[in-house]
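**Student:** If you number the sequence shown the way the working numbering does, the last residue is 263 and the count never jumps. Here a beta-carbon is modelled for each residue, glycine too, at the ideal position from N, C-alpha and C. Encoded as structure tokens, here's the structure I'll be asking about.
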Amino acid sequence: MRITTSIFTLLVFAATAAYADDAYTVKSEKVEPPKELAAGISAVLSDQALVVQSDKGATVATIWVRKALPSKAAPEQIKSGLTYREIQQGTLVGAIQFPQVWNDYRNQRIAAGVYTLRMALQPENGDHQGTAPYNDFCLLSPAAKDTKPDTMDVKELHELSSFAPGGSHPGVLLLFPNTKPTDAAKIESKPMGIQVLYTKLSVEAGSEKTALGFGFVVAGHAKE
40 MRITTSIFTL
50 LVFAATAAYA
60 DDAYTVKSEK
70 VEPPKELAAG
80 ISAVLSDQAL
90 VVQSDKGATV
100 ATIWVRKALP
110 SKAAPEQIKS
120 GLTYREIQQG
130 TLVGAIQFPQ
140 VWNDYRNQRI
150 AAGVYTLRMA
160 LQPENGDHQG
170 TAPYNDFCLL
180 SPAAKDTKPD
190 TMDVKELHEL
200 SSFAPGGSHP
210 GVLLLFPNTK
220 PTDAAKIESK
230 PMGIQVLYTK
240 LSVEAGSEKT
250 ALGFGFVVAG
260 HAKE
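Following this line, the structure appears as structure tokens:
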């Protein structure tokens, strides 16, 4: 029994160490939003970019989040803690730049370039349900096609986002829950090569100001 327990412990330790060895890193840098973005989009984004690097030190993505996310959350919801569901679908969350081809959570190829990020919920129509551990996403849309910061109609967003991978499905950035956000952004490794960027975004709900934790999946994809 002791031998079996020891072997199990070693396997768990080895797996944990493997995830740690493959961990991506993130640093916050003052970087103006890229010129590919429309002026109206850039105006609502922070100039403190989150630069994501692989375990080899190569930049994987640079993310600019919105200065303040709009929300219609009630005071009771704010008091108990916001979730993604208090951010309306179609809301602009930020923008992301890929220096080279990137594969999204559905393993779709996203060309190098700049894309907007907007809130979305996986439709409950049976299409690809169960392929992701959570139903909250940011959808990617080419910067040249998404030019206004206003909240977008969900159907329009899905259609626009399909231009990112160039197929019939939208480009997706899976969101993990982040119920205890910290001031400093960090990345955690998960099984199956998943890398999650945890950060905190400011939220404005009427006259109330609060924050919401985000968990952007910047690497890894669903099982084939």
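Look up Arg157 in the DSSP assignment and say whether it is helix, strand or coil.
**Tutor:** Residue 157 sits at position 118 when you count from the first residue of the sequence shown. The answer is strand: DSSP assigns Arg157 an E or B state.
**Student:** Go through its chain and collect everything with a Cβ distance to Gly225's Cβ below 6 Å, but skip five positions before and after it.
**Tutor:** For the purposes of this step, residue 225 is identified with residue 186 of the sequence shown, where counting begins at 1. The sequence as given places Lys at residue 225; Gly does not occur at that position. Here the set comprises Tyr237.
**Student:** Out of Pro230, Met231, Val211, Lys239, which has the shortest C-alpha to C-alpha gap to Thr221?
**Tutor:** Counting from one through the sequence shown, the residue named residue 221 turns up at place 182. Answer by Cα proximity: Lys239.
**Student:** Any chance the stretch 84-92 sits against the stretch 190-207, with 3 or more Cβ pairs inside 8 Å?
**Tutor:** no
**Student:** Taking the C-alpha atoms as reference points, what is the distance between Ala223 and Thr98?
**Tutor:** Mapped onto the sequence shown, residue 223 falls at position 184. Mapped onto the sequence shown, residue 98 falls at position 59. Between Ala223 and Thr98, the C-alpha separation is close to 19 Å.
**Student:** Considering only the alpha carbon of each residue, which of Lys74, Ala112, Ile135, Leu251 lies closest to Val257?
**Tutor:** Locating residue 257 in the sequence shown gives position 218, where the first residue counts as 1. Ranking Lys74, Ala112, Ile135, Leu251 by Cα distance to Val257 puts Ile135 first.
**Student:** So for Arg145, helix, strand or coil by DSSP?
**Tutor:** Taking the sequence shown and counting its residues from 1, the one referred to as residue 145 is at position 106. Of the three classes helix, strand and coil, the one that applies to Arg145 here is coil, per DSSP.
**Student:** At what residues does the alpha helix (DSSP H) containing Thr193 begin and finish?
**Tutor:** Numbered from its first residue, the sequence shown carries residue 193 at position 154. The sequence given here has Val at residue 193, not Thr. Run containing Val193: 193-200, per the alpha helix (DSSP H) assignment.
**Student:** Rank Met158, Thr64, Val83, Glu227 by C-alpha distance to the C-alpha of Pro72 and give the top, closest one.
**Tutor:** To locate residue 72, count along the sequence shown from 1; it is residue 33. The candidate whose alpha carbon is nearest that of Pro72 is Val83.
**Student:** For the stretch 95-146, list the alpha helix (DSSP H) runs that are entirely contained and at least 4 residues long, ordered along the chain.
**Tutor:** 114-119
**Student:** Which residue wins for smallest C-alpha separation from Ala100, given the options Val235, Gly120, Leu108, Gln128?
**Tutor:** Working through the sequence shown from its first residue, we reach residue 100 at position 61. The option with the nearest alpha carbon to Ala100 is Val235.
**Student:** Is it buried or exposed, Gln147, if we count other Cβ atoms within 10 angstroms and call 16 or more buried?
**Tutor:** Stepping through the sequence shown from its first residue, residue 147 is reached at position 108. For Gln147, the number of other beta carbons within 10 angstroms of its own is at least 16, and it is reported as buried.
**Student:** Cα separation between Val91 and Ala113?
**Tutor:** To locate residue 91, count along the sequence shown from 1; it is residue 52. To locate residue 113, count along the sequence shown from 1; it is residue 74. Taking the straight line from one Cα to the other gives about 34 Å.
**Student:** Counting only runs that start and end within the stretch 216-254, where is the alpha helix (DSSP H) found for 4 or more residues in a row?
**Tutor:** none
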